[in-house]
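Protein chains: 4
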Amino acid sequence: MSVSSDKSTAAEKQPRVSVAARSRQATRARLVESGRLLFAKNGLHGVTTHDIAHQAEVASGTFYLHFKNKVEVFQEIADSCVSELIECIDNACSPHRETKDIPALIHAQAEALVGFAEDHRDLIRILFSADADAAAVGSGILRALAETIAEDRRELVSVGLAQNGLDPAVLGQAVVGMWAQVLSWWSEDPTRVSREALIETLTQIQLTGTSRVVA
Amino acid sequence: MSVSSDKSTAAEKQPRVSVAARSRQATRARLVESGRLLFAKNGLHGVTTHDIAHQAEVASGTFYLHFKNKVEVFQEIADSCVSELIECIDNACSPHRETKDIPALIHAQAEALVGFAEDHRDLIRILFSADADAAAVGSGILRALAETIAEDRRELVSVGLAQNGLDPAVLGQAVVGMWAQVLSWWSEDPTRVSREALIETLTQIQLTGTSRVVA
Amino acid sequence: MSVSSDKSTAAEKQPRVSVAARSRQATRARLVESGRLLFAKNGLHGVTTHDIAHQAEVASGTFYLHFKNKVEVFQEIADSCVSELIECIDNACSPHRETKDIPALIHAQAEALVGFAEDHRDLIRILFSADADAAAVGSGILRALAETIAEDRRELVSVGLAQNGLDPAVLGQAVVGMWAQVLSWWSEDPTRVSREALIETLTQIQLTGTSRVVA
Amino acid sequence: MSVSSDKSTAAEKQPRVSVAARSRQATRARLVESGRLLFAKNGLHGVTTHDIAHQAEVASGTFYLHFKNKVEVFQEIADSCVSELIECIDNACSPHRETKDIPALIHAQAEALVGFAEDHRDLIRILFSADADAAAVGSGILRALAETIAEDRRELVSVGLAQNGLDPAVLGQAVVGMWAQVLSWWSEDPTRVSREALIETLTQIQLTGTSRVVA
DNA sequence: GATGAATGAGTATTCATTCAT
DNA sequence: AATGAATGAATACTCATTCAT
């Protein structure tokens with residue numbers, strides 16, 4: 036309250052605006068949340084702006100006060116999904132970056148990934164839907180992720196921790212593609228394979244051309 | 036004479052049927068070809084039945100003389116794509132199956148795959164579009180491919196040519212995902228990486244848990 | 036062959052034409068029969084010319100060699116239905132016309148009607164479908180029937196066998212409407228009411244203003 | 036003040052809702068009215084949803100904001116027609132129900148019916164179109180009416196006011212069929228027969244087996 | 001005379017988006 | 001800022017009818 040009173044003292048209009056802005060943000064947040072839910076279930080095409088507004092319990096016109104169009108929400112949602120994922124992976128990897136323990140790093144990465152998939156089965160659907168239109172939109176997302184991985188790889192190579200036989204860009208794409216396919220396959224029915232076997236297999240595949248050199 | 040007249044009646048009818056049937060098949064083929072072209076460019080949703088008919092230079096109603104609906108053509112096209120791909124891969128692999136030379140086999144597989152992508156850039160777009168709706172349709176396609184790979188793997192393991200640490204089902208999904216992503220990325224712009232580097236990298240990644248055991 | 040040679044002797048072209056004409060008429064008859072079947076089941080709108088041709092086992096274009104359009108077959112079929120019905124009724128009534136036994140005549144009429152409905156449940160559907168379009172077509176049919184009844188009535192009145200209180204034209208319409216409704220209702224499920232009760236009731240209603248005068 | 040502000044908030048919202056709702060209802064009413072007009076003229080099949088929207092001077096999509104499909108409007112219109120008719124008849128009959136004056140009741144009924152036909156020539160076309168598809172929809176309507184009449188009849192019989200020789204269900208169907216045919220015939224051209232002759236004839240026919248027994 | 005592939009206008013229905021309140 | 005009725009272009013699919021063979 037001290038903060039808010041500070042603000043109100045500053046300008047008579049500030050708080051009102053603040054209230055309105057807060058409400059606006061709440062509405063926007065509800066729309067985003069509804070979008071997540073629905074896109075995860077039905078994909079970009081399977082959802083109408085009316086659906087989203089209805090789910091968010093606002094009028095259909097309200098949607099357009101917050102987003103230019105349907106693609107924009109999808110974009111935003113997809114972007115935030117990637118951010119979450121990247122952050123999640125980074126958190127898992129950072130301890131191992133310093134120790135340069137590549138196998139441990141890759142393993143932690145796979146573990147984080149699988150954990151993320153478990154916690155956010157819905158986001159997996161959104162992240163890895165390589166929908167032709169989502170491609171125009173969000174596939175850039177996978178590309179970004181791939182680039183991140185490629186970059187990491189280049190660094191490893193430059194410091195001599197990985198062999199040079201693999202093209203980093205290709206590896207990045209390959210890893211992302213692998214993740215996308217495996218995780219969406221697994222998310223559909225997690226009983227298909229045990230969590231541990233999944234992590235182990237992903238780790239093994241990705242270790243190729245990495246640990247071997249180190250070993 | 037009765038016999039000959041029978042024959043002449045048959046002969047009278049045969050060609051008619053044949054001509055009509057031929058024309059029908061030609062039209063159908065043009066529709067399929069147009070579908071290929073357009074689906075590759077714009078995806079399942081980005082194409083209308085009118086587009087396909089127009090591209091095939093037939094009236095829009097004609098489409099429905101040959102297909103029940105848009106999904107049916109897509110299905111058919113996608114199915115034939117997979118068949119082509121599988122055949123292409125099989126051809127490349129078969130010589131090495133007998134010699135049990137796994138590294139050579141994997142390499143040949145990667146080479147065939149890249150060759151296929153070069154020759155059929157359009158099909159790649161169709162094959163590997165994990166479109167949410169195409170999923171309901173053709174994604175079963177990727178699943179089928181993945182299962183084929185998993186099956187191959189199980190065989191290798193059973194004859195002791197591959198280690199058991201990797202789950203075959205997961206490996207199958209992973210390989211397919213990798214192919215899908217890498218090939219569609221590369222197809223967009225083949226100058227991104229040399230043909231050879233691409234093959235080499237795909238080979239290396241997939242050799243994991245295969246050649247190592249052998250070595 | 037002896038017969039055909041006879042004909043061929045008469046005129047070289049005659050038999051051929053005759054054969055062709057016979058075949059043509061057979062095709063036409065099959066189309067009409069198919070139309071009857073299908074119109075009875077699905078109504079004018081529920082049937083396509085393709086359906087009719089298919090049912091008749093001829094090509095769809097053949098339909099147009101025999102009829103100008105769909106309405107024309109319907110017309111023809113409906114007309115022949117009315118003719119059959121009228122003939123059927125006339126046969127039943129004629130014995131009583133001479134004896135001037137009106138109640139017996141009306142009863143015989145009702146009996147004939149119900150018998151007709153039993154034998155031709157399908158035709159009932161066609162005859163009495165007051166479809167808006169069938170109206171433009173076949174409703175004239177009911178009108179014709181109504182006019183016949185009105186005419187009969189006028190005659191009865193003129194010879195003093197019926198009272199004058201009822202307008203013949205209205206009576207004609209009323210009787211036809213009654214028949215149409217009752218028979219199509221009954222045709223749907225003849226267990227609704229016994230044959231005898233049905234005849235009795237129809238007779239009673241129609242006797243109004245007829246037998247009463249006589250009685 | 037908090038209370039008044041609550042109210043003002045409510046007041047702020049109430050009118051908006053009201054205005055929108057009023058406008059919505061007005062549009063819906065226009066659509067229904069247009070449907071009445073057009074269905075009366077052209078029947079269920081002769082009218083498209085575009086026609087209705089156009090006639091109502093709204094965009095074609097607007098139709099679907101108010102009705103699920105064409106059949107739904109037709110249903111609604113037809114239902115309301117029957118309600119109006121039944122109410123009209125009931126009003127005319129009720130005074131005579133108590134006096135048990137059957138001839139007067141039947142006469143009043145016929146009078147009401149003819150009056151209704153005069154006032155609502157369009158509704159007659161809708162009510163009594165035994166269209167094959169309208170049958171799937173609204174013909175149930177005629178059936179309902181017939182059942183009402185049958186029920187009335189059973190009551191009359193049970194209190195001894197009508198003879199038992201006629202099957203009530205058949206009578207119901209017969210009366211409805213008679214009305215349908217006569218009224219639509221007369222509506223087309225009311226100069227065909229005088230209003231009085233029409234009423235008299237309908238009355239006479241229906242009196243059969245009713246008043247006679249009493250008399 | 002028969003065939004059957006092709007036509008293309010017609011129709012129901014959906015949905016992203018706008019705008020007056 | 002929010003509402004929600006209205007818009008109208010877009011699209012899948014049907015079917016009476018034609019015509020080259």
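Protein chains in written order, with my numbering: chain A, 36 to 250; chain B, 36 to 250; chain C, 36 to 250; chain D, 36 to 250. Positions of the beta carbon are idealized from the N, C-alpha and C atoms, including for glycine. All values derive from a computational prediction rather than experimental measurement.
query                                                                                                                                                                             : result
What are the boundary residues of the alpha helix (DSSP H) that includes Lys105(C)?                                                                                               : 105-134
I'd like the list of long-range same chain contacts for Ala145(D), defined as Cβ closer than 6 Å, with 5 residues on each side in sequence excluded.                              : Ile234, Leu237, Thr238
Return the first residue and the last residue of the alpha helix (DSSP H) that Arg156(A) is part of.                                                                              : 156-162
So Ala215(D) contacts chain C; which residues on that side make the cut at Cβ distance below 9 Å?                                                                                 : Ala165, Gly212, Ala215, Gln216
In terms of alpha-carbon separation, which member of Lys76(B), Arg156(B), Glu182(B), Ile176(B) lies closest to Ala113(B)?                                                         : Ile176(B)
Would you be able to state if there are at least three C-beta pairs under 8 Å between the stretch 127-140 of chain D and the stretch 86-103 of chain D?                           : no
With 9 Å as the limit, tell me which residues of the stretch 225-244 of chain C have their beta carbon closer than that to any beta carbon of chain D; keep them in chain order.  : Arg227, Val228, Ser229, Ala232, Leu233, Glu235, Thr236, Leu237, Gln239, Ile240, Gln241, Leu242, Thr243, Gly244
Across the stretch 101-111 of chain A and the stretch 187-206 of chain A, are there enough close Cβ pairs to call them in contact, namely three or more that are closer than 8 Å? : no
Would you report the Cα separation of Leu158(D) and Glu107(C), rounded to the nearest angstrom?                                                                                   : 29 Å
When the Cα atoms are used, what is the spatial distance from Gly212(B) to Thr183(B)?                                                                                             : 14 Å
Buried or exposed for Val194(D), please, with buried defined as at least 16 other CB atoms from any protein chain shown within 10 angstroms of its CB.                            : exposed
Taking 8 Å as the limit between beta carbons, can you name the residues of its chain near Leu66(D), skipping five residues before and five after?                                 : Ile87, Ala88, Ala91, Val93, Thr97, Phe98, His101, Phe102, Val108
What are the residues in the stretch 188-206 of chain B lying within 8 Å of chain A by C-beta distance?                                                                           : Gly200, Leu201, Asp202, Ala204, Val205, Leu206
Note the first and the last residue of the continuous alpha helix (DSSP H) segment covering Arg230(B).                                                                            : 230-242
For Ile121(A), count neighbouring Cβ atoms within 10 angstroms of its own Cβ and tell me buried if that reaches 16, exposed if not.                                               : exposed
Just tell me which of Ala209(A), Leu180(A), Ala152(A) has its CA closest to the CA of Trp3(A).                                                                                    : Only positions 36 to 250 of chain A appear in the structure, and residue 3(A) is not among them; the question remains open.
Is it buried or exposed for Gln216(A), if we count other Cβ within 10 angstroms and need 16 for buried?                                                                           : buried
Tell me which residue opens and which closes the alpha helix (DSSP H) that Thr97(C) is part of.                                                                                   : Run containing Thr97(C): none; DSSP gives neither H nor E here.
Whole angstroms are fine: how far does the CA of His80(B) sit from the CA of Leu73(B)?                                                                                            : 10 Å
Got a sec? Which residues, its chain only, sit under 7 Å from Cys128(A) by beta carbon, not counting five neighbours each side?                                                   : Leu140, Ala143, Gln144
So, is His85(B) buried or exposed, given that buried needs 16 or more other C-beta atoms within 10 angstroms?                                                                     : exposed
Is the Cβ of Gln208(B) closer than 9 Å to any Cβ of chain A?                                                                                                                      : yes
Since Gly212(B) is in the alpha helix (DSSP H), which residue starts that stretch and which ends it?                                                                              : 203-223
Taking Glu231(B) as the reference, which of Arg160(A), Asp202(A), Thr226(A), Glu68(A) has the closest Cα?                                                                         : Asp202(A)
Can you list, in chain order, the residues of the stretch 66-88 of chain C whose Cβ is nearer than 8 Å to any Cβ on chain D?                                                      : Asn77, Gly78, Leu79, His80, Gly81
Residues in the same chain with beta-carbon distance under 7 Å from Val149(D), minus the five sequence neighbours each way, listed in chain order, please.                        : Arg230, Leu233, Ile234
Applying the criterion that 16 or more other CB atoms from any shown protein chain within 10 Å of the CB defines a buried residue, is Val54(B) buried or exposed?                 : exposed
Answer with yes or no whether the minimum CB distance from Ala143(A) to chain B is below 9 Å.                                                                                     : no
By Cβ distance, which residues of its chain are closer than 6 Å to Gly173(C), with the 5 residues on each side in sequence left out?                                              : Because Gly173(C) carries a pLDDT of 48, less than 50, the predicted location of this residue cannot be relied on, and no value is offered for it.
How would you label Ser69(C), buried or exposed, when you count the other beta carbons within 10 angstroms and need 16 or more for buried?                                        : buried
What residue from Ile161(A), Val210(A), Ser219(A) has the CA that sits closest to Gly78(A)'s CA?                                                                                  : Ile161(A)
Checking 9 Å against the spacing of the C-beta atoms, do Ala209(B) and Ile124(A) come in under that value?                                                                        : no
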